[in-house]
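Enquirer:
In my numbering, the protein residues as written are 10 to 271.
#1: Could you name each continuous alpha helix (DSSP H) segment of 4 residues or more that falls completely within the stretch 10-76, going from the start of the chain to the end?
#2: Between which two residues does the alpha helix (DSSP H) harbouring residue 220 extend?
#3: Please classify residue 203 as buried or exposed, where buried requires at least 16 neighbouring CB atoms within 10 angstroms.
#4: Where do the N-terminal and C-terminal ends of the alpha helix (DSSP H) with residue 127 fall, by residue?
#5: What is the residue span of the alpha helix (DSSP H) that residue 109 lies within?
#6: Using the three-state DSSP reduction, which class does residue 101 fall into: helix, strand or coil?
#7: Since residue 257 and residue 178 are thought to touch, with beta carbons under 8 Å apart, how far apart are those beta carbons, to the nearest angstrom?
#8: Would residue 173 and residue 248 qualify as a contact pair, given that the criterion is a beta-carbon distance under 8 Å?
#9: Determine the DSSP secondary structure at residue 88, reduced to helix, strand or coil.
#10: Report the option in 194, 250, 242, 253 whose CA atom is closest to the CA atom of residue 226.
#11: Nearest CA to the CA of residue 236: which residue from 252, 190, 254, 259?
#12: Going by the beta-carbon positions, is the gap between residue 56 and residue 148 smaller than 8 Å?
#13: To the nearest angstrom, how far is the alpha carbon of residue 181 from that of residue 150?
#14: Pull up the CB-CB distance for residue 120 and residue 67, whole angstroms please, since I reckon it's below 8 Å.
#15: Starting from the Cα of residue 52, find the closest Cα among 154, 176, 186, 25 and give me that residue.
#16: Check the C-beta distance from residue 145 over to residue 176 and give it rounded, since I have them as a contact under 8 Å.
#17: Cβ of residue 187 within 8 Å of Cβ of residue 108?
#18: Could you work out which residue in 40, 58, 167 is closest to residue 250 when comparing CA atoms only?
#19: Consult DSSP for residue 231 and reduce its assignment to one of helix, strand or coil.
#20: If we count the other Cβ atoms within 10 Å of its Cβ and call it buried at 16 or more, is residue 113 buried or exposed?
#21: Cutting at 6 Å between CB atoms, please list the residues of its own chain near residue 133, excluding the five before and the five after it.
#22: Using the Cα positions of residue 12 and residue 43, report the straight-line distance between them to the nearest angstrom.
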């Protein structure tokens with residue numbers, strides 16, 4: 010629970026901060042809002058967020074996958090590898106203990122397993138934010154054109170809660186379907202073990218080749234439905250809360266610049 014909460018909180022906080030900061034800087038530099046601008050800014054924000062939060066996600070993944078895995082791996086490990094197995098496969102009792110154990114036995118590099126896949130998965134957040142901006146502008150445009158009093162788009166910059174929930178949900182589905190294979194590969198790369206089942210996972214390309222050779226194309230979309238049911242509501246609520254808070258801050262005297270939307 011702690012790694013998921015910590016990782017999610019840090020990821021969203023860093024992402025929203027750097028995303029809106031980047032948008033404001035580009036607008037000041039004269040770049041007009043567009044899907045390509047939103048994608049570029051979201052990519053930059055995602056890279057910085059991924060580098061900072063990767064250790065949290067590594068420990069979270071291992072805590073989730075370790076249940077029952079150690080005993081199965083031990084039974085498959087030769088006697089020559091038992092000492093190495095005992096050192097590396099000791100169960101994590103918690104987040105901080107897992108961090109210490111990973112650094113002690115694998116070095117700092119152990120906390121950045123799967124970072125390459127995570128950097129590729131920056132495209133997930135970039136797609137999500139770019140798609141959200143497009144859905145957002147489309148909804149604001151529809152509201153503006155259907156308004157009887159002819160309200161200007163600049164006067165209706167914030168989405169309502171239902172509109173934000175729709176835009177966030179739709180953008181999350183688009184991004185998840187497009188990048189899910191890399192999410193599956195990253196999870197495989199972040200597993201730990203000394204048996205042959207884990208040693209075949211190295212780089213992102215090697216991991217994906219091994220997965221395809223052993224399990225076929227369907228393996229890249231295993232669990233997609235359950236994943237969408239898990240992540241879509243949380244993303245929708247996060248964006249809805251963000252829209253509400255940003256709208257409240259932008260309407261306060263002297264804080265209009267805090268609203269990062271264009």
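C-beta atoms are modelled at their ideal positions from N, C-alpha and C, and glycine is treated no differently.
Expert: By the coordinates alone:
#1: DSSP runs (the alpha helix (DSSP H)) wholly in the stretch 10-76: 11-37, 44-74.
#2: Start and end: 213-224.
#3: In this prediction, residue 203 has a pLDDT of 36, which is less than 50 and means its spatial position is unreliable; what the coordinates show is noted afterwards. Under this definition residue 203 is a buried residue.
#4: Judged by DSSP secondary structure, residue 127 falls within the alpha helix (DSSP H) whose first and last residues are 124-129.
#5: From DSSP, the alpha helix (DSSP H) with residue 109 extends over 104-115.
#6: For residue 101, the secondary structure class from DSSP, reduced to helix, strand or coil, is coil.
#7: Taking the Cβ atoms as the reference, residue 257 lies roughly 22 Å from residue 178, outside the contact range of under 8 Å.
#8: Going by C-beta atoms, residue 173 is nearer than 8 Å to residue 248.
#9: Note on residue 88: pLDDT 47, under 50, position unreliable in the model; the coordinate value appears next. Three-state result, residue 88: helix.
#10: Cα-wise, what sits closest to residue 226 is 194.
#11: Nearest option by C-alpha distance: 190.
#12: Going by C-beta atoms, residue 56 is not nearer than 8 Å to residue 148.
#13: Using only the alpha carbons, I get a separation of about 21 Å.
#14: Yes, residue 120 and residue 67 are in contact; Cβ-Cβ is about 6 Å, under 8 Å.
#15: The shortest Cα separation from residue 52 among 154, 176, 186, 25 belongs to 25.
#16: About 5 Å separates the beta carbons of residue 145 and residue 176, which is inside the 8 Å limit, making them a contact pair.
#17: Going by C-beta atoms, residue 187 is not nearer than 8 Å to residue 108.
#18: Ranking 40, 58, 167 by Cα distance to residue 250 puts 167 first.
#19: Collapsing the DSSP output to three states places residue 231 in coil.
#20: Looking at its Cβ environment, which holds fewer than 16 other Cβ atoms inside 10 Å, residue 113 is exposed.
#21: 184, 188, listed in sequence order.
#22: For the pair residue 12 and residue 43, the Cα-to-Cα distance works out to about 35 Å.
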